[in-house]
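Protein chains: 4
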Amino acid sequence: MEAKYFRDPIHGYIQVDHDIIYDLINSREFQRLRRIKQLGTSNCVFPGAEHTRFSHSLGAYHIARSIIERFEKSYADIWDSKNSLLTMVSALLHDIGHGAYSHTFELLFDTDHEALTQSIITSQNTEINSILSRVSPDFPSQVASVIDHSHPNQQVIQLISSQIDVDRMDYLLRDSYYTGTNYGNFELSHILRVMQPKANGICFSYQGMHAVEDYLLSRYQMYMQVYFHPASRSMEVILQNLLKRAKYLYPQQKNFFASNSPALIPFFEEKVNLTDYLKLDDGVLNTYFQSWIFSDDDILSDLADAFINRRLFKSFTYQEGQEGLIQELSKDIEAIGYDTNYYTGCHSNFNLPYDRYRPETSHPQTQIDILQKDGSLAELSSLSPLIQSLSGGNYGDHRFYFPKDMLLEDDLFQEAKGNFKSHIRNDQLI
Amino acid sequence: MEAKYFRDPIHGYIQVDHDIIYDLINSREFQRLRRIKQLGTSNCVFPGAEHTRFSHSLGAYHIARSIIERFEKSYADIWDSKNSLLTMVSALLHDIGHGAYSHTFELLFDTDHEALTQSIITSQNTEINSILSRVSPDFPSQVASVIDHSHPNQQVIQLISSQIDVDRMDYLLRDSYYTGTNYGNFELSHILRVMQPKANGICFSYQGMHAVEDYLLSRYQMYMQVYFHPASRSMEVILQNLLKRAKYLYPQQKNFFASNSPALIPFFEEKVNLTDYLKLDDGVLNTYFQSWIFSDDDILSDLADAFINRRLFKSFTYQEGQEGLIQELSKDIEAIGYDTNYYTGCHSNFNLPYDRYRPETSHPQTQIDILQKDGSLAELSSLSPLIQSLSGGNYGDHRFYFPKDMLLEDDLFQEAKGNFKSHIRNDQLI
Amino acid sequence: MEAKYFRDPIHGYIQVDHDIIYDLINSREFQRLRRIKQLGTSNCVFPGAEHTRFSHSLGAYHIARSIIERFEKSYADIWDSKNSLLTMVSALLHDIGHGAYSHTFELLFDTDHEALTQSIITSQNTEINSILSRVSPDFPSQVASVIDHSHPNQQVIQLISSQIDVDRMDYLLRDSYYTGTNYGNFELSHILRVMQPKANGICFSYQGMHAVEDYLLSRYQMYMQVYFHPASRSMEVILQNLLKRAKYLYPQQKNFFASNSPALIPFFEEKVNLTDYLKLDDGVLNTYFQSWIFSDDDILSDLADAFINRRLFKSFTYQEGQEGLIQELSKDIEAIGYDTNYYTGCHSNFNLPYDRYRPETSHPQTQIDILQKDGSLAELSSLSPLIQSLSGGNYGDHRFYFPKDMLLEDDLFQEAKGNFKSHIRNDQLI
Amino acid sequence: MEAKYFRDPIHGYIQVDHDIIYDLINSREFQRLRRIKQLGTSNCVFPGAEHTRFSHSLGAYHIARSIIERFEKSYADIWDSKNSLLTMVSALLHDIGHGAYSHTFELLFDTDHEALTQSIITSQNTEINSILSRVSPDFPSQVASVIDHSHPNQQVIQLISSQIDVDRMDYLLRDSYYTGTNYGNFELSHILRVMQPKANGICFSYQGMHAVEDYLLSRYQMYMQVYFHPASRSMEVILQNLLKRAKYLYPQQKNFFASNSPALIPFFEEKVNLTDYLKLDDGVLNTYFQSWIFSDDDILSDLADAFINRRLFKSFTYQEGQEGLIQELSKDIEAIGYDTNYYTGCHSNFNLPYDRYRPETSHPQTQIDILQKDGSLAELSSLSPLIQSLSGGNYGDHRFYFPKDMLLEDDLFQEAKGNFKSHIRNDQLI
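One line per chain: the protein sequences are A, B, C and D, in this order. Numbering of the first sequence is given in the UniProt record's numbering, commencing with residue 1 and proceeding in unit increments. Numbering of the second sequence is given in the UniProt record's numbering, commencing with residue 1 and proceeding in unit increments. Numbering of the third sequence is given in the UniProt record's numbering, commencing with residue 1 and proceeding in unit increments. Numbering of the fourth sequence is given in the UniProt record's numbering, commencing with residue 1 and proceeding in unit increments.
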């Protein structure tokens with residue numbers, strides 16, 4: 001086919017010259033990613049972060065394509081070009097099962113975007129499956145096995161999913177650009193230049209070790225400063241409580257929800273199929289929440305309004321072991337009239353910036369191997385004191401969310417509020 | 001108040017230190033701008049262009065604030081600081097009446113975003129009106145008069161709306177960033193540095209003349225290459241035809257539309273009030289269109305699907321005087337089975353890159369005045385041969401849109417398609 | 001050879017994977033370009049513009065390499081890969097004969113950097129010649145013929161020297177980056193993507209027409225705002241007058257110059273050979289000028305100090321036909337004690353932003369051809385109204401330089417200064 | 001005075017609106033900084049890094065000016081505006097005593113750029129002293145005391161010199177830009193926004209803690225990847241050996257050096273005064289080295305050529321305690337004919353990324369204090385686990401440099417070379 005180009009702020013032009021890729025992009029299921037924001041609720045604190053999973057998926061494909069082009073040219077002995085299309089397709093489709101506000105939504109409705117990804121790829125009813133089947137009858141299941149890590153080829157697996165993969169490399173750069181933070185910037189071109197296939201995976205030439213370090217630091221910083229931002233987590237807590245209230249109300253108010261949020265009914269009824277799932281996107285959910293503002297139920301109405309019009313909960317951090325104290329303080333919140341089932345929430349976010357492979361752990365990481373001048377491999381943290389110091393640690397915090405009202409001056413509830421505030425110092429529970 | 005900051009990829013940090021501004025941003029009507037894309041259908045061709053009128057409005061406010069800070073400090077004799085808040089508020093609210101896909105929507109439903117802007121500001125039912133009224137009882141109407149150009153102070157008017165104003169300066173930079181094109185880049189800081197109030201308006205010191213030239217060239221290029229892009233206009237034509245079909249069907253299918261698109265009913269009924277209008281946004285309309293895909297009406301369903309899943313019409317350019325030939329060719333389109341009422345459309349886009357003030361014309365432009373070393377003013381095009389050559393011209397094209405099918409090979413309709421194609425060369429009608 | 005990389009702010013990494021290229025870069029004559037600033041005296045007004053002809057030459061090579069890689073892959077039928085190395089080498093060496101402050105120096109000493117480029121390439125005493133001869137005995141002369149435009153292959157010629165060539169594309173981006181102006185930015189990757197070889201030269205696909213327009217506008221703006229900046233031209237006038245004075249003094253003060261500026265002696269004696277020429281660079285000349293500050297000759301000393309310590313002449317623009325008036329005003333300058341031979345100067349700078357091929361003119365331009373959808377070629381300005389309006393015009397100005405003193409208040413020379421100033425308004429001669 | 005602007009790629013426009021600042025910039029001693037590269041020999045590996053101490057000094061001034069403007073406006077109670085000019089001048093002049101290739105030059109000739117800075121500011125023979133004295137008779141000594149840290153006001157001191165000061169903030173951004181690396185990028189505007197004066201120094205609001213972390217990481221990375229780059233250190237070793245050889249030869253070859261390097265004579269004679277020192281710059285030294293290539297002494301000639309034409313030594317890293325082994329290997333180098341006095345060298349570079357104040361150490365650091373929500377101060381590493389892990393550590397390496405020849409294949413010296421190479425693995429001594 002004649003090459004097509006997508007203009008992209010991160011990568012310049014994204015070239016598509018394989019009809020399978022082009023048709024996948026034009027499929028109904030993939031176009032749907034245009035309507036799902038990459039960063040969910042983060043736009044409440046970074047107003048520029050409106051970018052979608054569509055452009056991220058294109059970006060991940062583009063990085064995969066760049067890598068493969070180099071592998072085919074320079075490492076033909078060790079990279080099997082039969083895996084090239086598989087890798088590009090897997091990169092393009094790795095997020096195809098993501099839905100609106102996935103993480104929160106999954107908590108409430110027990111959906112699983114990874115299972116849905118598998119289903120979209122392998123179910124016979126999707127346009128995507130039908131396009132993939134043109135390659136070969138078992139191509140859909142091959143793609144699915146790459147995405148769920150069960151495919152035998154570790155080179156392909158690691159390109160798609162490892163501590164330094166096409167997904168992470170694209171989203172760090174993209175989220176950095178759209179949030180307007182500099183933290184996520186790293187030298188993609190340098191990393192791509194030193195990336196190499198090895199017998200059973202991927203490694204990086206020693207000449208690019210610092211670029212890999214820089215990538216890991218960027219990732220650490222993006223987690224700490226963007227992905228774990230207290231305000232967007234506040235919106236997640238509100239959303240979670242809002243959906244919890246709707247679920248609670250549904251049995252009593254079926255008509256209200258049927259007319260104001262028809263596509264959610266299968267979820268309330270717990271009879272969801274793929275078609276139902278594909279009907280949801282950010283715009284659909286927000287449309288429903290806007291209509292819920294007019295509900296008779298004060299809690300549903302108020303939380304919907306808080307979510308739509310960005311009225312945030314406040315929060316403090318706490319340590320493990322302080323849960324009892326939080327329960328005490330919850331009474332102060334109830335004392336001034338809030339139902340703590342819907343007006344408070346705990347939210348924990350932790351990230352492992354890097355770890356070497358530890359087979360004994362529950363989720364062993366694929367370590368980053370550096371190819372040294374003499375041809376031997378060395379694990380990254382053994383060479384880099386900086387990465388050594390980050391390695392294996394979990395960084396993040398536990399936060400408790402509560403109504404802003406608790407911090408406002410108020411004659412009526414002096415005691416409850418006073419007690420509550422006396423336990424918070426510098427946004428920490430004491 | 002303690003200063004608040006919004007992080008913005010274009011301006012770094014946008015500072016808010018006036019409670020009126022902060023409360024306006026938090027108002028329901030302003031938060032709604034988060035759900036309206038700045039560039040409407042352009043994301044179909046620039047996938048990164050998902051930015052909203054919310055961040056653009058903040059950006060316009062920020063530029064206004066920067067200008068005013070300088071005017072207050074360096075031109076206290078000629079800039080009346082009583083106008084400072086008025087200017088910042090007007091910058092913030094200049095787009096407050098914009099709705100989803102405004103330009104297309106207005107064509108079909110006879111709404112007017114400028115009148116709605118006035119209404120949101122002056123109507124007593126809005127949060128915005130109530131916040132503005134805290135400044136003084138007539139402050140809302142002052143703001144409204146700046147936005148509709150009837151305010152007597154030409155300095156304020158020109159900052160908000162002229163050939164080089166805070167709105168245009170922000171959107172060029174922002175649209176350039178989010179589309180990933182370089183064309184719209186110009187030296188904002190240089191222009192802000194040479195901008196001065198004069199007795200009856202705004203002028204620019206001769207030291208910044210080249211930066212002003214560069215701004216005008218950027219604007220010209222953004223029109224030619226982004227705003228007038230044939231593909232996003234294709235989406236506008238599809239949207240227009242889709243809404244036309246819905247209006248046509250409504251009297252026969254009231255129930256269908258009432259359950260699938262409740263917030264549009266007042267528009268179909270032509271009984272719209274402000275509250276109705278404020279219920280619409282991009283997500284709401286897209287949600288409706290997604291449900292229309294399941295309509296029994298083939299045309300409504302097909303156009304809704306084309307809009308949602310990005311199946312574009314093709315187009316050619318034509319000259320005035322060729323309308324007769326277009327009508328001829330429309331018969332070929334009908335011959336292969338398309339209803340040309342819904343499957344074709346003309347779309348004309350023209351822009352005047354710059355003009356001096358010409359009182360005899362229907363829309364005289366506020367010319368750009370350059371303050372020379374000796375203190376005299378000179379109109380820009382009299383000093384710049386490049387601007388002289390652009391000045392007064394209208395650049396753009398007329399395009400006719402039609403189904404892609406007309407260009408595909410096909411045994412059945414060889415004659416109609418052959419005749420049609422014989423009149424197109426290099427995407428021009430011949 | 002194993003690929004080597006040069007890190008470059010403009011292009012990221014510049015890859016060298018041919019030993020001829022790598023050895024050329026390491027040659028004595030090429031390393032010398034590290035000591036010659038790309039923009040000569042422009043750093044007096046853009047303090048960041050310290051970049052050298054070395055990095056520009058690498059950049060031109062890099063663009064050539066990118067183009068050729070694409071030509072070899074996609075246009076193997078029309079691009080003869082035997083020309084690939086020739087093109088890359090010519091790009092790398094196109095400026096090899098440039099010396100310190102070339103344009104001014106050539107005026108005074110009748111050297112010619114184009115002839116010197118030929119000589120460095122074809123003379124048997126240079127490292128460059130010896131490296132090139134390893135390719136084939138006639139390779140040096142082939143390279144020389146590309147650079148002087150006499151080579152028969154128009155594809156190669158146009159890549160190296162035409163209205164849109166690797167030289168211009170690199171220097172616009174590079175000069176823009178290092179001066180910190182945005183004007184020279186254009187979309188290199190877009191242009192490279194649409195550039196194609198044709199039977200007798202180079203053309204550009206219609207899909208990139210706007211990017212080519214943008215490049216021409218960038219070029220126009222860089223000329224107007226950077227290359228023709230009055231302050232750097234002031235430094236050129238001072239340098240010219242300084243060297244003129246030195247030439248005048250040399251016969252009387254041979255010892256002074258021999259001990260303070262040995263490498264200039266062959267130039268004063270007008271017996272220059274290539275070895276002499278290669279000894280000069282910016283640092284050597286500046287070292288000499290610094291020592292001239294201590295000369296007994298007041299004019300030599302003062303001009304050397306003005307050049308080294310950046311004390312600029314002032315200037316006004318004038319029109320052709322006003323030379324008589326300038327001669328009149330020169331008397332005012334003499335009246336207050338300045339020798340106008342050394343304290344004034346005319347400096348004219350004009351640029352042709354674009355022109356189509358006009359065989360009847362003295363320097364016919366290679367026009368830019370656009371390859372249309374139907375395969376026909378169209379000359380750029382016939383398609384672009386904006387380029388049409390710029391086409392064929394010469395933009396620039398004539399300036400007269402004089403001592404700043406003429407503008408300062410002064411009791412003693414009121415009449416002469418008063419008369420002088422009365423003829424200047426807004427920096428123009430009236 | 002009317003404001004003047006310097007265009008700068010890092011900060012946009014640098015505004016000067018105080019005549020003392022403007023006159024200092026135009027002084028002979030400050031203009032000299034135009035001829036001294038900020039990064040010395042780093043341009044051998046980063047060809048874009050040609051930027052000068054002139055633009056860096058302007059940049060440091062600009063950051064100081066931005067901070068002070070904010071301090072005067074928002075912290076008038078704690079920032080004494082009498083210190084504003086002092087701070088800006090100190091920022092501008094902090095590097096005024098730097099000479100060509102300072103660090104290497106100082107090793108050989110026992111000069112001290114810090115003492116020279118003091119001297120330029122306080123000696124009565126400089127233009128700078130004379131300009132500063134216009135402020136008040138003791139102003140020069142005040143400026144000098146800020147720069148040597150003896151001034152009593154800790155706010156001023158810390159702005160000019162601490163772990164996060166105007167010098168470091170400018171050079172990280174600037175060196176990053178000109179080398180074309182991304183590592184040095186951090187969010188200057190964010191840091192400036194949270195910087196506050198406190199009773200006895202400077203602190204940073206908790207809202208900017210992550211930006212401060214990011215700055216420290218950037219600094220760490222610039223040290224590891226740019227400042228400590230093995231290739232530029234190779235050039236330093238060559239330079240050091242070259243100057244050592246010249247010093248050794250001088251007593252025997254006074255005429256040669258007097259005619260080819262007159263400005264160095266006072267240094268060889270060890271009778272240096274300020275005027276002598278100010279005559280040197282990069283161009284002067286390079287001019288001399290170019291003439292030394294023609295020396296009769298093979299070592300001087302060869303090293304001069306190596307420095308000018310970038311023929312690097314190779315290196316390996318070693319640990320403390322391996323010096324004996326290095327001496328062993330030196331014999332292999334001598335065995336093949338190199339004088340190891342001039343053809344080898346050790347070069348150690350270590351950096352302390354951050355430390356809290358430790359009064360017991362030899363060079364206690366000014367710790368970075370974070371101002372918490374409740375008004376208390378906390379030392380940075382107590383809040384940030386990442387900084388905690390970097391804190392107090394020294395990062396860098398010891399390197400031994402030797403002729404590239406030792407690694408080349410060679411029949412004649414198989415044994416010596418073989419033995420030598422057997423002790424190097426992955427560029428480490430084993």
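Backbone N, C-alpha and C define an ideal beta-carbon position, used for all residues, glycine too. Computed from a predicted model, the values in this text were never measured in an experiment.
### Query
Which chain D residues are close to C/Asp50, counting only those with a beta carbon under 7 Å from its beta carbon?
Note on identity: in this sequence residue 50 of chain C is Glu, with Asp being the wrong assignment. By Cβ distance, chain D contributes Glu50, His51, Thr52.
### Message
Can you check whether the C-beta of D/Tyr13 is within less than 8 Å of a C-beta belonging to chain B?
### Response
yes
### Task
Below 8 Å on the Cβ atoms is my guess for B/Tyr183 versus B/Gln221; work out the distance and round it to an integer in Å.
4 Å
### Message
I'd like to know whether the C-beta atoms of D/Val226 and D/Phe46 end up nearer to each other than 8 Å.
### Response
yes
### Task
Flag this pair as yes or no: are the beta carbons of A/Ala60 and A/Val166 separated by less than 8 Å?
yes
### Task
Compile a chain-ordered list of the residues in the region 215-230 of chain A whose CB is closer than 9 Å to at least one CB of chain D.
Leu217, Tyr220, Gln221, Met224, Gln225
### Query
Can you find a CB in chain B that lies within less than 8 Å of the CB of A/Tyr177?
yes
### Task
Compare the C-alpha of B/Leu329 against each of B/Phe204, B/Glu415, B/Ser205 and name the closest.
B/Glu415
### Query
When the Cα of B/Ser141 is compared with those of B/Glu360, B/Val89, B/Gln327, B/Leu371, which residue comes out closest?
B/Val89
### Message
Any heavy atom of the ligand MN closer than 7 Å to the beta-carbon of D/Tyr75?
### Response
Here there are no bound small molecules, and the ligand MN is not part of this structure.
### Query
Looking at the C-beta of B/Asp355, does it have a partner C-beta in chain C at a distance below 8 Å?
no
### Message
DSSP three-state label for A/Tyr318, please.
### Response
strand
### Message
Against chain D, does B/Arg193 count as a neighbour if the rule is that its beta carbon must be under 8 Å from one of theirs?
### Response
yes
### Query
So, does the CB of C/Ser205 fall closer than 8 Å to a CB anywhere in chain A?
no
### Query
Relative to the alpha-carbon of B/Asn426, which residue among C/Arg70, C/Glu187, C/Leu377 has its alpha-carbon at the smallest distance?
C/Leu377
### Run of the beta strand (DSSP E) containing B/Ile21, from where it starts to where it stops
From DSSP, B/Ile21 is part of no beta strand (DSSP E) but of the alpha helix (DSSP H) over 19-25.
### Query
Can you name the start and end residues of the beta strand (DSSP E) that D/Met195 belongs to?
195-198
### Task
Could you confirm whether any beta carbon from chain B is found closer than 8 Å to the beta carbon of C/Gln372?
yes
### Query
If we cut at 8 Å on Cβ distances, does D/Leu58 have a partner in chain C?
yes
### Query
Taking Cβ positions only, does A/Arg399 come closer than 8 Å to chain D?
no
### Query
Beta-carbon separation of A/Val16 and A/Ile10 under 8 Å?
no
#### Entry: Cross-strand partners of D/Asn260 (DSSP beta bridge)
DSSP output for D/Asn260 lists no bridge partner at all.
### Proximal residues of chain B, C-beta to C-beta of D/Ser189 below 7 Å
Gly12, Tyr13
### Query
Which full runs of the beta strand (DSSP E) of 3+ residues lie inside the region 293-339 of chain B, going along the chain?
314-318
#### Entry: Three-state class that DSSP yields for B/Val146 in the structure shown
helix
### Message
Against chain B, which members of the region 378-394 of chain C pass a CB distance test of less than 8 Å?
### Response
Pro385, Leu386, Ser389, Leu390, Gly393
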